[in-house]
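Anchor point for the sequence shown: position 439 equals 439 in the UniProt record's numbering, and the numbering is continuous, going up by one each time.
We put the CB at the ideal spot given by N, CA and C, even for glycine.
Accompanying notes for the structure given below.
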Amino acid sequence: MEGKKEDERKCFSFTWLLENASYCFQKEGEEIKSPSFRIQWVEPSDWRLSLYPRGFEDGSNIGVFLYREDDDTSIFKITDFEISLLAVDGTTLTFSKSEQNFYSQQSIGFPNFARRKQIFNEEKSNFLPNDTLRIRCRIWSVLGNIKENVECYARTRIAVEWRSLVSTFTEFSHLTTNEKQTLPINSSSNDEQLAVVNMLLTENSSYEKLLHFEFECHNEKAKFSSIQFIILDAAGNAIERIKEEFCAISTGIELNKIEKLYMGRRGDSQRNPVDSYCMEDEERLSVSTKILKDNMKLLYSDGLLSDVKLKTKTATFPAHRNILSVRSSVFKAMFSSDMREKHGDSVDIEDISDYTLKRMLEYLYTADVEGLQWESAIDLYKAADKYEILSLKKQCSSFLKFSLTPTKACEILLLSDMYQDDDLKTYVQNYILKCDKDIFNSKDWNRIIESNPKLAAYTMRLKFI
Numbered sequence: 001m002e003g004k005k006e007d008e009r010k011c012f013s014f015t016w017l018l019e020n021a022s023y024c025f026q027k028e029g030e031e032i033k034s035p036s037f038r039i040q041w042v043e044p045s046d047w048r049l050s051l052y053p054r055g056f057e058d059g060s061n062i063g064v065f066l067y068r069e070d071d072d073t074s075i076f077k078i079t080d081f082e083i084s085l086l087a088v089d090g091t092t093l094t095f096s097k098s099e100q101n102f103y104s105q106q107s108i109g110f111p112n113f114a115r116r117k118q119i120f121n122e123e124k125s126n127f128l129p130n131d132t133l134r135i136r137c138r139i140w141s142v143l144g145n146i147k148e149n150v151e152c153y154a155r156t157r158i159a160v161e162w163r164s165l166v167s168t169f170t171e172f173s174h175l176t177t178n179e180k181q182t183l184p185i186n187s188s189s190n191d192e193q194l195a196v197v198n199m200l201l202t203e204n205s206s207y208e209k210l211l212h213f214e215f216e217c218h219n220e221k222a223k224f225s226s227i228q229f230i231i232l233d234a235a236g237n238a239i240e241r242i243k244e245e246f247c248a249i250s251t252g253i254e255l256n257k258i259e260k261l262y263m264g265r266r267g268d269s270q271r272n273p274v275d276s277y278c279m280e281d282e283e284r285l286s287v288s289t290k291i292l293k294d295n296m297k298l299l300y301s302d303g304l305l306s307d308v309k310l311k312t313k314t315a316t317f318p319a320h321r322n323i324l325s326v327r328s329s330v331f332k333a334m335f336s337s338d339m340r341e342k343h344g345d346s347v348d349i350e351d352i353s354d355y356t357l358k359r360m361l362e363y364l365y366t367a368d369v370e371g372l373q374w375e376s377a378i379d380l381y382k383a384a385d386k387y388e389i390l391s392l393k394k395q396c397s398s399f400l401k402f403s404l405t406p407t408k409a410c411e412i413l414l415l416s417d418m419y420q421d422d423d424l425k426t427y428v429q430n431y432i433l434k435c436d437k438d439i440f441n442s443k444d445w446n447r448i449i450e451s452n453p454k455l456a457a458y459t460m461r462l463k464f465i
């Protein structure tokens, strides 16, 4: 399928990957929301995409809309926006464009964007490789002065548990009419019962024996389920299939977040950014990895077999030396060199709040840092720097970059300078130059001039280089 020629104007591009798209549980008229994304042009503005997988008004078509989340009264002026579905290599499969200005909390889009049957059946291999739908929205400014492209990537994953099992119904030939045999289906992660399959022998008016299978879902969180029955002969060969899916139960959204943000042109030697990002999608989180992650979280929360305590002024957190040492070079030095922490059963943590230490430990065990807020991200950034947890520091830095506003830029400039973070410092300086009138005339900037004149002078000098 031939992709359309890319528009060469500078724009904001938002690419959204929806994993396990076939298991969308929304009914006709119900939406699934993308993570919110922020456009930093003249004033920051928050947006999202809304997908209607079973139709906005017509169940035979999917609907896609762009929604402005801001609650102010201003008009966000754009020349046009485009929503498209992408192949795994980044080429456009289908698209629609519109020329609209957006008021606050206004949704504009395409109720009949594409035929549902085309996406989920006829051309599923093109539109849903690995059952992942790739949606891109590009927005162009009416001002015409956008100097660089911005690419934002997000991912939503619908939680699905697949089960495949073989069961033998004993004494089948002796089964009497209306006698029921039951097969339980348990979760592979926690052994909880997900569903049961009932087999029932009935008889019709012609005295023919009919075999019925009933599927009962017992999981209260289940939103959508499907099942495939395969009748096997004694050698294990399939002699009849019923339906097209294995047993699969969807329990709602398990992941919904912004993952990457790029600004400006990147090296020509790099792969197509959509292709590169979608290739990463092929390395999806396996069930076994999720189980390990859940077990690590349980290990931390239960304090099972802990061998060290981290103590603040008001709280104590049990932990494991091996895990702390693997994740942090500072903790590794504490427990392996001839320091008092090596022989003691506790470590005093006096310069980190209870909440920040708890979040830091959760990250060390699970590599997750969900639900970040501005202040908690700054505190975690500082803690990650002190204990040399580079991956956590990078995640906090990415959050701060994405959440920048003119009123917050000075704070992050000082933070990046204090911690000698050249990457974050360069980013925030470029941001300041784009919003120079608002920032250079602010009280926060005047305080930087007074407290750190060298930093202020160097940043302002960049405007004229």
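For this session: Within its chain, find whatever has a CB closer than 7 Å to the CB of Lys-4; leave out the 5 residues flanking it on each side and keep chain order.
Result: At Lys-4 the pLDDT is 39, less than 50, meaning the model places this residue with poor confidence; the figure from the coordinates comes in the next sentence. For Lys-4, where only same-chain residues beyond five positions count, the Cβ hits under 7 Å are Thr-92 and Phe-95.
Exercise. The beta strand (DSSP E) spanning Ala-87 covers which residue range?
Worked result: Judged by DSSP secondary structure, Ala-87 falls outside any beta strand (DSSP E); it is assigned neither H nor E.
Exercise. For Asn-452 versus Leu-414, is the C-beta spacing smaller than 8 Å?
Worked result: Yes. Within cutoff.
Exercise. Candidates Ala-383, Ser-336 and Asp-345: which alpha carbon is nearest Arg-359's?
Worked result: Minimum Cα distance to Arg-359 is reached at Ala-383.
Exercise. Near Val-196, what residues of its chain come up, given a Cβ to Cβ distance below 7 Å and the 5 sequence neighbours on each side ignored?
Worked result: Excluding sequence neighbours, Val-196 sits near Thr-182, Leu-183, Pro-184, Ile-185, Glu-216 and His-218.
Exercise. Is the stretch 21 to 37 touching the stretch 72 to 84, taking contact as three or more C-beta pairs under 8 Å?
Worked result: Touching, no.
Exercise. Using the beta-carbon count (16 or more within 10 Å), is Ser-269 buried or exposed?
Worked result: Residue confidence for Ser-269 is low, a pLDDT of 38 falling below 50, so the modelled location carries little weight; the figure read from the coordinates is stated next. The residue is exposed, with fewer than 16 neighbouring Cβ atoms inside 10 Å.
Exercise. Taking one C-beta from the stretch 433 to 447 and one from the stretch 293 to 302 each time, how about it: are there three or more such pairs within less than 8 Å?
Worked result: Using a C-beta cut-off of 8 Å, the stretch 433 to 447 makes no contact with the stretch 293 to 302, since fewer than three inter-stretch Cβ pairs fall below that distance.
Exercise. Less than 8 Å separating the beta-carbons of Leu-51 and Ile-62?
Worked result: It is a contact, given that the beta carbons lie within the stated cut-off.
Exercise. Looking only at C-alpha atoms, which of Ser-306, Asn-322, Ser-325 and Ile-323 sits nearest to Thr-316?
Worked result: When each option's Cα is compared against that of Thr-316, the closest is Ser-306.
For this session: Report the three-state DSSP secondary structure of Ile-291 (helix, strand or coil).
Result: In the structure shown, Ile-291 sits in a helix (DSSP, three-state: H, G or I).
For this session: Figure out for me which residue from Ser-141, Leu-433 and Leu-86 has the closest Cα to the Cα of Lys-10.
Result: The shortest Cα separation from Lys-10 among Ser-141, Leu-433 and Leu-86 belongs to Ser-141.
Exercise. Cα separation between Ser-353 and Leu-310?
Worked result: Per the coordinates, the alpha-carbon of Ser-353 lies some 12 Å from the alpha-carbon of Leu-310.
Problem set entry | Sequence-distant residues of its chain with Cβ nearer than 6 Å to Gln-395 (five each side left out) | These residues qualify, in order along the chain: Val-369.
Exercise. CB-CB under 7 Å to Leu-361, same chain, minus the five flanking residues each way: which ones, in chain order?
Worked result: Cβ-Cβ distances below 7 Å link Leu-361 to Tyr-300, Phe-317 and Ala-319 in the same chain, with the five nearest sequence neighbours on each side left out; the list follows chain order.
Problem set entry | Extent of the continuous beta strand (DSSP E) run through Arg-138 | Segment 132 to 141, the beta strand (DSSP E) holding Arg-138.
Exercise. For Leu-357, which three-state DSSP category applies?
Worked result: Reduced to three states, the DSSP call for Leu-357 is helix.
For this session: Please state whether DSSP places Ala-315 in a helix, a strand or coil.
Result: Coil.
Exercise. For the candidate residues Lys-180, Asn-204, Glu-203 and Ser-205, whose alpha-carbon lies nearest to that of Phe-213?
Worked result: Across the set Lys-180, Asn-204, Glu-203 and Ser-205, the C-alpha of Lys-180 shows the shortest separation from the C-alpha of Phe-213.
Exercise. Tell me, which residues are paired with Glu-31 by DSSP?
Worked result: Looking at the DSSP assignment, Glu-31 forms no beta bridge with any residue, so it has no partner.
For this session: Please report the Cβ distance between Met-199 and Leu-211, rounded to the nearest whole angstrom; I am assuming they are in contact, meaning their Cβ atoms lie under 8 Å.
Result: Rounded, the Cβ-Cβ distance is 7 Å, consistent with contact.
For this session: Determine the direct distance from the alpha carbon of Tyr-153 to that of Asp-89, and round the result to whole angstroms.
Result: Rounded to whole angstroms, Asp-89 to Tyr-153 spans 15 Å at the Cα level.
For this session: Report yes if the C-beta distance between Lys-372 and Leu-324 is below 8 Å; otherwise report no.
Result: Correcting the residue type first, residue 372 is Leu in the shown sequence and not Lys. Result no, Cβ atoms of Leu-372 and Leu-324 do not sit closer than 8 Å.
Problem set entry | Euclidean distance between Cα positions of Leu-304 and Tyr-381 | Tyr-381 has its alpha-carbon roughly 28 Å from the corresponding atom of Leu-304.
Problem set entry | Glu-244 burial status per 10 Å Cβ neighbour count (16 or more: buried) | Any reading at Glu-244 is ruled out, since the residue's pLDDT is 40, under 50, leaving its predicted position unreliable.
For this session: Just confirm the distance between the C-beta atoms of Arg-68 and Ser-104, as a whole number of angstroms; I'd bet it's less than 8 Å.
Result: Confirmed, about 6 Å.
For this session: Quick one: residues in its chain with C-beta nearer than 6 Å to the C-beta of Ile-389, no 5 flanking neighbours on either side, listed in chain order?
Result: Same-chain partners within the cutoff: Ser-328.
Exercise. For Lys-27, which residues of its own chain have a beta-carbon under 8 Å away from its beta-carbon, when the five flanking residues on both sides are left out?
Worked result: Correct list, in chain order: Arg-54.
Exercise. Bridge partners of Asp-46, per DSSP?
Worked result: The partner list for Asp-46 (beta bridge, DSSP) reads Arg-38.
Exercise. So, is Arg-447 buried or exposed, given that buried needs 16 or more other C-beta atoms within 10 angstroms?
Worked result: With fewer than 16 other CB atoms across the displayed protein chains lying within 10 angstroms of its CB, Arg-447 is exposed.
For this session: Just confirm the distance between the C-beta atoms of Phe-81 and Ser-98, as a whole number of angstroms; I'd bet it's less than 8 Å.
Result: Under the criterion of beta carbons closer than 8 Å, Phe-81 and Ser-98 qualify as touching, at roughly 6 Å.
Problem set entry | C-alpha gap between Phe-65 and Ser-391, whole angstroms | C-alpha of Phe-65 to C-alpha of Ser-391: approximately 35 Å in a straight line.
For this session: Please name the residue, chosen from Asn-149, Ala-367, Val-150 and Glu-208, that lies closest to Thr-177 on a Cα-to-Cα basis.
Result: The closest CA to that of Thr-177, considering only Asn-149, Ala-367, Val-150 and Glu-208, is found on Glu-208.
Problem set entry | Exposure label - Val-428; buried when at least 16 CB within 10 Å | With 16 or more other Cβ atoms within 10 Å, it is buried.
Problem set entry | Assigned secondary structure, Asp-351 (DSSP; H/G/I helix, E/B strand, else coil) | Three-state result, Asp-351: coil.
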